[in-house]
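Colleague: Please find one structure pasted underneath; my questions will follow.
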Amino acid sequence: MTPPRKSNATKNARHGYILSLVREEKMSNQSQLLARLQKAGIEVTQATLSRDLNELGVRKIRTKAGARYVIEGEFDSSDFASRAADRLRQKISELAVMVDYSYGFLVLRTPPGAAQYLASFVDRASLDEIVGCTAGDDTVFILAREPYKGEDIAHLLLEDFESESDTEAVEAKGAE
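Here the sequence shown is numbered in UniProt numbering, starting from 1 and rising by one per residue.
The following block contains the structure:
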């Protein structure tokens, strides 16, 4: 899209140009957007740009490649979700001192004061297999979405997780 060439560009024209910039260029902050708008002859304040971005559904996300603006509903969230899940696994490996499960529940025990911090990573990961979680001082309680079980979530989140049934199978195989 070619930019409107007037400093008093209409709101619709400005919005159209902002959307084309977000779609075509990897903008990571409002200063970059402002500079591109000014280069195109569109005078706009940072406050107006901020309102425009909100009205247009433009959001800043962080991916493996860094921060960038995207239009809600027009980006592949798999990279974002993958990174959030990786960060969750890393935090669990750093903070979980005990893991247990029962039926559709997974329980992570942490040092005192760390459970709510860890639960925030569970929430941000937005995994389809997890309904939600709640946390106290040293315990994170995770509810698995049907048909998953707590054990399934443990395997999903903990690379080195071995359930009792896994251990029994290994021991039985070794006894043969």
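Even glycine gets a Cβ: it sits at the ideal position worked out from N, Cα and C.
Kindly indicate which three-state DSSP category Tyr101 falls into: helix, strand or coil?
Modeller: Correct three-state label for Tyr101: strand.
Colleague: When the Cα atoms are used, what is the spatial distance from Val44 to Phe121?
Modeller: The alpha-carbon atoms of Val44 and Phe121 are separated by roughly 37 Å.
Colleague: When the Cα atoms are used, what is the spatial distance from Ala135 to Leu118?
Modeller: One C-alpha to the other measures close to 8 Å.
Colleague: Give the DSSP-derived three-state secondary structure of Leu143 in the structure shown.
Modeller: Strand.
Colleague: Kindly confirm or deny that the stretch 133–153 and the stretch 84–101 touch, where touching means at least three C-beta pairs closer than 8 Å.
Modeller: Yes, they touch.
Colleague: Is Leu106 helix, strand or coil by DSSP?
Modeller: Reduced to three states, the DSSP call for Leu106 is strand.
Colleague: What residue from Ala47, Asn29, Ala85 and Leu33 has the CA that sits closest to Lys60's CA?
Modeller: Looking at the Cα atoms, Asn29 is the closest of the given residues.
Colleague: Assuming contact is defined by CB atoms lying nearer than 8 Å, are Leu95 and Ala114 in contact in what I supplied?
Modeller: Closer than 8 Å, so yes.
Colleague: Please name the residue in Thr110, Leu127, Val97 and Leu53 whose C-alpha comes closest to that of Arg87.
Modeller: Residue Leu127 is the option with its Cα nearest to Arg87.
Colleague: Under the three-state reduction of DSSP, which class applies to Gly66: helix, strand or coil?
Modeller: DSSP places Gly66 in strand when its eight states are reduced to three.
Colleague: Taking only runs that begin and end inside the UniProt domain "Arginine repressor DNA-binding" (10–71), name each unbroken alpha helix (DSSP H) of 4 or more residues, in chain order.
Modeller: For the UniProt domain "Arginine repressor DNA-binding" (10–71), whole alpha helix (DSSP H) runs of length 4 or above, ordered along the chain, are 11–24, 30–39 and 46–56.
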